[in-house]
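> Input: one structure, supplied below.
In full-length UniProt numbering, the protein residues as written are 1 to 346.
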């Protein structure tokens with residue numbers, strides 16, 4: 001093999017981002033692997049979101065009518081939350097449909113990031129709604145108004161039952177950030193409805209109507225806290241951050257044990273979505289190594305990545321001459337085989 005570099009093209013899930021059914025690849029080197037219908041999961045997610053969208057519309061109608069009749073800010077605040085749920089679920093449903101589209105030359109990873117953008121938009125919207133609730137609650141705290149507790153019970157009770165049904169329908173989809181964002185909406189609304197019922201009981205017994213805006217404040221903080229967590233995670237993905245469960249040290253330690261490897265550098269690991277992780281790196285091998293030996297090393301590394309980090313989309317570039325770069329990201333070597341004795345690692 002001549003000095004220089006080449007892109008290693010050993011078969012490895014090149015269709016990961018467009019297959020929509022479960023299948024397995026059997027490679028010439030004898031190893032096999034299976035991916036579990038990622039596109040099929042997306043289709044199932046779309047069906048769940050569609051059902052959840054229409055169910056949430058029912059909750060919205062009940063709580064708007066009930067909150068108006070009961071003169072309850074807590075119930076109307078919850079209805080405002082439900083309104084964002086409707087928008088969130090509709091957007092998430094749209095994103096799930098978009099994710100089923102096949103990759104194109106303009107969008108080589110497909111449209112899976114649509115779900116990430118939807119989750120970010122949903123969460124930012126929730127934070128804005130939480131602020132609006134806090135402002136209105138401040139006014140109600142200064143001038144508490146009587147509420148009709150019985151109507152609160154019925155309206156909030158309907159909300160709890162429907163939301164719990166939706167949450168059960170989302171079981172098994174928590175690994176999908178879009179589903180998890182929608183599930184956060186649903187569970188947050190169910191908790192808020194439970195608080196509304198509890199507050200209604202206290203107000204009916206004690207006539208302490210100040211409890212209504214206090215409940216609204218608690219609901220607002222609950223919503224904002226959960227939404228902020230999703231915002232941080234989506235921004236980390238959009239900024240191409242390294243997945244939280246990936247650590248370079250074990251990979252480097254494994255590669256050091258492979259014969260014929262000189263160094264590894266230019267390592268990049270990122271998430272297309274939380275469940276779709278990609279990796280690329282440059283592997284420098286001994287100049288007299290054959291192509292078959294280099295491809296064999298790549299197969300070993302890819303097998304390790306699948307088994308240890310569940311990374312099935314890896315691109316490894318072979319080099320037989322030292323790269324002039326000297327930093328971690330195409331300027332430093334992550335490690336050098338010649339410095340193993342000194343334990344030097346970057």
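No residue lacks a Cβ here, since even glycine has one placed at the ideal position from N, Cα and C.
Bridge partners of residue 261, per DSSP?
Partner(s): 285.
> Give me the Cα-Cα distance between residue 128 and residue 307, rounded to the nearest whole angstrom.
Looking at the two C-alpha atoms, the distance is approximately 42 Å.
> Under the three-state reduction of DSSP, which class applies to residue 102: helix, strand or coil?
Reduced to three states, the DSSP call for residue 102 is coil.
> For residue 83, which residues from the same chain have a beta carbon less than 7 Å from its beta carbon, with the 5 sequence-adjacent residues on both sides left out?
If we look at residue 83 and ignore the five residues flanking it on each side, its Cβ neighbours are 60.
> Between which two residues does the beta strand (DSSP E) harbouring residue 313 extend?
Start and end: 313-319.
> Which term fits residue 102, buried or exposed, when burial requires 16 or more other beta carbons within 10 angstroms of its beta carbon?
By the neighbour-count rule (16 or more Cβ atoms within 10 Å), residue 102 is not buried but exposed.
> DSSP three-state call for residue 268: helix, strand or coil?
In this structure, residue 268 counts as strand in the three-state DSSP scheme.
> Taking the continuous alpha helix (DSSP H) assigned at residue 149, which residues delimit it?
That run of the alpha helix (DSSP H) goes 149-169.
> Go ahead and pull the three-state DSSP assignment for residue 40.
Unreliable positioning characterises residue 40 in this predicted model, as indicated by a pLDDT of 41, which lies under 50. A coordinate reading is not provided.
> Starting from the Cα of residue 201, find the closest Cα among 317, 62 and 153 and give me that residue.
Comparing Cα positions, the closest option is 153.
> Please state whether DSSP places residue 234 in a helix, a strand or coil.
If DSSP states are grouped into helix, strand and coil, residue 234 belongs with the helices.
> My output table needs one value for residue 72: the three-state DSSP class, helix, strand or coil.
Looking at residue 72 - three-state DSSP - the assignment turns out to be coil, as it is neither helix nor strand.
> So, for residue 140: in the same chain, excluding its five sequence neighbours on each side, which residues have a beta-carbon less than 6 Å away from its beta-carbon?
Excluding positions up to five away in sequence, the list reads 73 and 213.
> DSSP three-state call for residue 290: helix, strand or coil?
Residue 290 falls in the coil class under three-state DSSP.
> In whole angstroms, give me the CA-to-CA distance for residue 120 and residue 282.
Taking the straight line from one Cα to the other gives about 33 Å.
> In this structure, how does DSSP classify residue 273 when only helix, strand and coil are distinguished?
Looking at residue 273 - three-state DSSP - the assignment turns out to be strand.
> Taking contact to mean at least 3 C-beta pairs separated by less than 8 Å, is the stretch 255-268 in contact with the stretch 283-295?
With the cut-off at 8 Å, the stretch 255-268 and the stretch 283-295 touch.
> Examine the Cβ distances between the stretch 161-169 and the stretch 177-197 and report whether three or more of them are shorter than 8 Å.
Short answer: they touch.
> Taking its Cβ as the centre, do 16 or more other Cβ atoms sit within 10 Å of residue 131, making it buried, or is it exposed?
So residue 131 ends up on the exposed side.
> Would residue 170 be called buried (16 or more neighbouring beta carbons within 10 Å of its own) or exposed?
Buried: at least 16 other Cβ atoms inside 10 Å.
> Here's the rule: buried if 16 or more other CB atoms are within 10 angstroms of the residue's CB, otherwise exposed. What is residue 104?
Exposed, by the Cβ-count rule.
> With residue 139 as the anchor, note down where its alpha helix (DSSP H) starts and where it stops.
Residues 113-142.
> Buried or exposed, going by whether 16 or more other CB atoms sit within 10 Å of the CB of residue 318?
When all chains shown are included, residue 318 counts as buried.
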